[in-house]
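*Asks:*
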Amino acid sequence: MINIKENEKLNMLNHSCAHLLAQAVKHLYPEAKFWVGPVIEDGFYYDIDLGDKVISDEDIPKIEHEMKKIAKDGKRIVRHEISKDEALEMFKDDPYKLDLIERMDESETIISCYTQGDFTDLCRGPHVESVKELKHFKLIKFSGAYWKGDKNNKMLQRIYGVCFPTEEELNDYLKELEEAQERDHRKIGKALDIFTTHDLVGKGMPLWLPNGAIIRKELENYIYKKEQKLGYKHVYTPCVGTVDLYKTSGHWDHYKENMFPSMKVDEEEFVLRPMNCPHHMLVYGSDLHSYRDLPIRIGEFATDFRYEASGAVKGLERVRCMCQNDAHLFVRPDQIGEEFKKVVELILDVYHDFGIKNYKFRLSLRDKCDKEKYFDDDKMWNDAEDKLREVLNNLHLDYYEAIGEAAFYGPKLDVEVKPAVGPEVTLSTCQLDFLLPRRFELSYIDSDGNKQIPVVLHRAIFGTFDRFTAFILEETKGALPLWLSPVQINIIPVNNEYHLEYAKKLQEMLSDYRVELDDRNEKLSYKMRESVMRKIPVTLIIGQKEVDNNTISYRLYGSEETNTVSKDEFLKFIADKIENKN
Ligand code: TSB
Ligand code: ZN
793 MINIKENEKL NMLNHSCAHL LAQAVKHLYP EAKFWVGPVI EDGFYYDIDL
843 GDKVISDEDI PKIEHEMKKI AKDGKRIVRH EISKDEALEM FKDDPYKLDL
893 IERMDESETI ISCYTQGDFT DLCRGPHVES VKELKHFKLI KFSGAYWKGD
943 KNNKMLQRIY GVCFPTEEEL NDYLKELEEA QERDHRKIGK ALDIFTTHDL
993 VGKGMPLWLP NGAIIRKELE NYIYKKEQKL GYKHVYTPCV GTVDLYKTSG
1043 HWDHYKENMF PSMKVDEEEF VLRPMNCPHH MLVYGSDLHS YRDLPIRIGE
1093 FATDFRYEAS GAVKGLERVR CMCQNDAHLF VRPDQIGEEF KKVVELILDV
1143 YHDFGIKNYK FRLSLRDKCD KEKYFDDDKM WNDAEDKLRE VLNNLHLDYY
1193 EAIGEAAFYG PKLDVEVKPA VGPEVTLSTC QLDFLLPRRF ELSYIDSDGN
1243 KQIPVVLHRA IFGTFDRFTA FILEETKGAL PLWLSPVQIN IIPVNNEYHL
1293 EYAKKLQEML SDYRVELDDR NEKLSYKMRE SVMRKIPVTL IIGQKEVDNN
1343 TISYRLYGSE ETNTVSKDEF LKFIADKIEN KN
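Using the numbering used here, the first residue of the sequence shown is number 793, and each one after it goes up by one.
#1: Looking only at its own chain, which residues have a Cβ that is under 8 Å from the Cβ of Asn945, when we skip the five neighbours before and after it?
#2: Could you tell me whether the stretch 1197-1204 touches the stretch 1155-1162, where touching means 3 or more Cβ pairs closer than 8 Å?
#3: I need the DSSP call for Thr989, collapsed to helix, strand or coil.
#4: Can you give me the C-alpha to C-alpha distance between Val1136 and Met1172, rounded to a whole angstrom?
#5: Just the Cα atoms here: how many angstroms apart are Asn1341 and Asp1310?
#6: Relative to the C-alpha of Arg1098, which candidate in Asn1050, Glu856, Asp1141, Arg1124 has its C-alpha closest?
#7: Sorry if obvious, but does the Cβ on Met1114 come closer than 7 Å to a heavy atom of the ligand TSB?
#8: For Tyr1290, does the count of other Cβ atoms within 10 angstroms reach 16, so buried, or fall short, so exposed?
#9: Hey, quick one: how far does the beta strand (DSSP E) through Ile840 stretch, first residue to last?
#10: Looking at the structure shown, is Tyr1290 part of a helix, part of a strand, or coil, going by DSSP?
#11: Cβ of Cys1222 versus every heavy atom of the ligand ZN: is any distance shorter than 7 Å?
#12: Can you give me the start and stop residues for the beta strand (DSSP E) that Ile932 sits inside?
#13: For a test of the three-state rule: what should DSSP assign to Arg1158, helix, strand or coil?
#14: Provide the residue span of the beta strand (DSSP E) that contains Ile1090, from first to last.
#15: Can you list, in chain order, the residues of its chain whose CB lies under 7 Å from that of Cys809, leaving out five sequence neighbours each side?
#16: Under 8 Å, do Ile986 and Ile1007 count as touching if we go by C-beta distance?
#17: Taking Glu1322 as part of the alpha helix (DSSP H), name the residues at either end of that continuous run.
#18: Which partner residues does Gly953 have in the DSSP bridge list?
#19: Beta-carbon within less than 8 Å of Glu900's beta-carbon, same chain only, minus the 5 sequence neighbours each way: which residues are those?
#20: Any chance the stretch 1077-1093 sits against the stretch 1235-1243, with 3 or more Cβ pairs inside 8 Å?
#21: If you draw a straight line from the alpha carbon of Tyr1266 to that of Arg975, how long is it in whole angstroms?
#22: When the Cα atoms are used, what is the spatial distance from Asn1372 to Ile1015?
#23: With a threshold of 7 Å on Cβ separation, who are the neighbours of Leu1108 within its own chain once the five nearest residues in sequence on each side are excluded?
#24: Just tell me which of Pro957, Glu1322, Ile893, His919 has its CA closest to the CA of His811.
#25: For the beta strand (DSSP E) containing Phe1052, name the first residue and the last one.
#26: May I have a chain-ordered list of the alpha helix (DSSP H) segments no shorter than 4 residues that lie completely inside the stretch 1134-1212?
#27: Out of Ser1323, Glu1216, Glu959, point me to the one whose CA is closest to Ser1351's CA.
#28: So, with DSSP's three-state summary, where would you put Phe1336?
#29: Select from Tyr1305, Ile1284, Trp1000 the residue whose C-alpha is nearest the C-alpha of Lys1315.
#30: Taking the runs of the beta strand (DSSP E) that are 3 residues or longer, which of them lie wholly in the stretch 861-902?
#31: Return the chain-ordered ranges of every alpha helix (DSSP H) run that is complete within the stretch 1024-1080 and spans a minimum of 4 residues.
#32: Which of the three DSSP states, helix, strand or coil, is assigned to Glu921?
#33: Give me the Cα-Cα distance between Asp839 and Gly1103, rounded to the nearest whole angstrom.
#34: Are there any heavy atoms of the ligand TSB lying less than 7 Å away from the beta-carbon of His1120, as far as the coordinates show?
#35: Please find out if some non-hydrogen atom of the ligand TSB comes closer than 7 Å to the beta-carbon of Thr1040.
#36: Buried or exposed for Thr1354, going by 16 or more other Cβ atoms inside 10 Å?
Given below as structure tokens:
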């Protein structure tokens, strides 16, 4: 979908439409006061103080109607420039605009306003020339939004909309939007009983339902097997640590705003862990290591808690309680390149298995001038960045470099994907770290018998099971491949009276798989439709012909074709399909 914010023409149009929305709201609710109305990736919104009024479904068509009326009137949009004092006087009754004016940079001695008919708004612009250019818009949704995003402040009414130059472009966009919303994992997750949430558990704390738990277990088994083959050793460590642990690691100083507050138990002060690295450092440190033992790869499916802003929390994609497919690889400096390469190859291998094609590699580097953000060791940074680049180039991978996006402790490679709705997110990550092993005083003995400090690679292939599941649900629109599907095979007897017995035998024969038998007294067409709606990969249709010939007729999800095969052929077909993950 087009990024409206980044398209100059659409940005201006949508920004102007935000003013049109504000003007219409002012006409309908004269007491309305306006906070900000920015352009976003998918249109615009305006945050409005309507006193005690809460926007409801019925208000939206009225506002749209008023907007159309104003647009038809066709008033010009005129820019004025005024001094800060004039602005303070002009908006003296508007606490929101006063707040904006007060906070403006000292250098902004001239403040611009835009007037269209009876409505003036404070704004940098630019805008289109006349409201008559704003005919093809739609108000998309509304919600409450705390002033400045702070829950101690008043809740404002946020109305979202989108505007295009022509009706055709608007309709195309709305259609695309609808399709994206159909693909939204929150919708699919609900329809397929994958996860749920409850206020009593808390924001960003999803409950994985049985269907979701099956997917997660399959993902765990899948990646565990891969990692085991690559020499990873898995551990279990607690999802809390003491504040001192995070002081040692540096998280307490650098990551505190992303952590849940601490809690005292007897003499100890704990935090829910936001990351697993400190625990894994201690796992490494629990033993002596020789240069010959390295790389040592400590893996864990580890639960972490992070404070994510309540507005940012989203389904399984951005949660406050997550499970990372994490590992920390302890290597000698001469092993960095080779080990990094293996991680990248594992990412590629996994993406191939899942058929993931739309992603971007981002190589995050330090900003050389930012001495404060980055651990100060030029040689270390230059060597590390060169090494990562070299591996990516040798693998002929497409990537882009992001200066100033590296972590404090080293450069990293992230894989970015685009969800159905909302901005890009990181899935896999591999981060080089020269600092943490020092902070935990880790060592290995080199060939001369001297102590050396290992380097650490932090890596998560799925990222988290949560985010990966969200992504896979969207990629597949919920039609998961056979091996991952919560229900793999659905058996439907055409007539319970004659075919149920044979259907039950098949169920028994297929008991290694996740099989359901639909023996409800419903019409075949009804049961078939439901099987499709539940996106079950294989549906067996068992009638007289199958009973007489000892065969199986099946349909694959997404196909109208029915195939009839022997039992053995069917078993082989299913086993192959699962083995090949296709
Ligand atoms: C890879 N210490 C490293 C680890 O060793 C680490 O925690 N890296 S991270 O902060 O980038 O997180 C790892 C992955 O978790 C991210 O790449 C992302 O895919 C996923 N993730 C991060 N925050 C969230 C969240 N709030 N909800 C779901 N997944 C998340
Ligand atoms: Zn880590």
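Even glycine gets a Cβ: it sits at the ideal position worked out from N, Cα and C.
Every value quoted in this text rests on a predicted model; they were computed, and no experiment measured them.
*Replies:* In terms of the structure at hand:
#1: Along the sequence shown, read from residue 1 onward, the residue named residue 945 stands at position 153. Around Asn945: Tyr938, Trp939.
#2: yes
#3: Your numbering for residue 989 matches position 197 in the sequence shown. Reduced to three states, the DSSP call for Thr989 is coil.
#4: On the sequence shown, residue 1136 is found 344 positions in, with the first residue counted as 1. On the sequence shown, residue 1172 is found 380 positions in, with the first residue counted as 1. Their backbone Cα atoms lie some 21 Å apart in a straight line.
#5: The residue you call residue 1341 lines up with position 549 of the sequence shown. The residue you call residue 1310 lines up with position 518 of the sequence shown. Those two C-alpha atoms are separated by around 21 Å.
#6: Within the sequence shown, numbered from 1, the residue matching residue 1098 stands at position 306. When each option's Cα is compared against that of Arg1098, the closest is Asn1050.
#7: For the purposes of this step, residue 1114 is taken as residue 322 along the sequence shown, with counting starting at 1. Yes; taking the cut-off as 7 Å, the Cβ of Met1114 has a heavy atom of the ligand TSB nearer than that.
#8: In the sequence shown, residue 1290 corresponds to position 498, counting from 1. Under this definition Tyr1290 is an exposed residue.
#9: Here residue 840 refers to the residue found at position 48 when the sequence shown is read from its first residue. It spans 835-841 - the beta strand (DSSP E) in which Ile840 sits, taken as one unbroken run.
#10: In the sequence shown, the residue the question calls residue 1290 occupies position 498. Tyr1290 falls in the helix class under three-state DSSP.
#11: For this step, residue 1222 is matched to residue 430 along the sequence shown. Not so, every heavy atom of the ligand ZN lies at least 7 Å from the Cβ.
#12: Within the sequence shown, numbered from 1, the residue matching residue 932 stands at position 140. Where Ile932 is concerned, the enclosing beta strand (DSSP E) stretches over 928-938.
#13: Position 366 of the sequence shown, counted from the start, is the residue given in the question as residue 1158. Residue state, collapsed to three classes: coil.
#14: Taking the first residue of the sequence shown as 1, we reach residue 1090 at position 298. Its beta strand (DSSP E) spans residues 1088-1097.
#15: Within the sequence shown, residue 809 is the residue found at index 17, counting from 1. Hits under 7 Å: Phe836, Leu926, Phe929, Gly953, Cys955.
#16: As a working note, residue 986 is residue 194 in the sequence shown. As a working note, residue 1007 is residue 215 in the sequence shown. Yes. Within cutoff.
#17: In the sequence shown, the residue the question calls residue 1322 occupies position 530. Where Glu1322 is concerned, the enclosing alpha helix (DSSP H) stretches over 1316-1325.
#18: Counting from 1 along the sequence shown, the entry for residue 953 is found at position 161. DSSP, once it has assigned bridges, lists Phe836, Leu931 as partnering Gly953.
#19: Residue mapping note: residue 900 aligns to position 108 of the sequence shown, counting from 1. The residues are Lys876.
#20: yes
#21: Within the sequence shown, the letter at position 474 stands for residue 1266. Within the sequence shown, the letter at position 183 stands for residue 975. In the sequence on display, residue 1266 carries Glu and not Tyr. C-alpha separation (whole angstroms): 5 Å.
#22: Here residue 1372 is taken as the residue at index 580 of the sequence shown, counted from 1. Here residue 1015 is taken as the residue at index 223 of the sequence shown, counted from 1. Rounded to whole angstroms, Asn1372 to Ile1015 spans 15 Å at the Cα level.
#23: Along the sequence shown, read from residue 1 onward, the residue named residue 1108 stands at position 316. Around Leu1108, the same chain offers His977, Gly981, Phe987, Pro998, Asp1258, Arg1259, Thr1261, Ala1262 as residues with beta carbons nearer than 7 Å, after the five sequence neighbours per side are excluded.
#24: The count along the sequence shown starts at 1 and reaches residue 811 at position 19. The option with the nearest alpha carbon to His811 is His919.
#25: On the sequence shown, position 260 is the one that residue 1052 refers to. Taken as a continuous stretch (DSSP letters only), Phe1052 belongs to no beta strand (DSSP E), as it is neither H nor E.
#26: 1170-1186
#27: By one-based count along the sequence shown, residue 1351 stands at place 559. Selected option, being the one with the closest Cα: Ser1323.
#28: In the sequence shown, residue 1336 corresponds to position 544, counting from 1. As written in the sequence, residue 1336 is Gln, which differs from the Phe given in the question. Secondary structure at Gln1336: helix, using DSSP grouped into helix, strand and coil.
#29: Counted from its first residue, the sequence shown places residue 1315 at position 523. Nearest option by C-alpha distance: Ile1284.
#30: 869-875
#31: Fully enclosed alpha helix (DSSP H) runs of 4 or longer: 1035-1041, 1043-1046, 1069-1077.
#32: Locating residue 921 in the sequence shown gives position 129, where the first residue counts as 1. DSSP places Glu921 in coil when its eight states are reduced to three.
#33: As a first step, residue 839 must be located in the sequence shown, where it is residue number 47. As a first step, residue 1103 must be located in the sequence shown, where it is residue number 311. Each residue's Cα considered, the two are about 14 Å apart.
#34: The sequence position of residue 1120 within the sequence shown is 328, counting from 1. Yes, the beta carbon of His1120 sits closer than 7 Å to at least one heavy atom of the ligand TSB.
#35: As a position in the sequence shown, residue 1040 is number 248, starting the count at 1. No, the ligand TSB has no heavy atom inside 7 Å of this Cβ.
#36: Residue mapping note: residue 1354 aligns to position 562 of the sequence shown, counting from 1. Counting C-beta atoms within 10 angstroms of its own C-beta, Thr1354 has fewer than 16 neighbours from the protein chains shown and is therefore classed as exposed.
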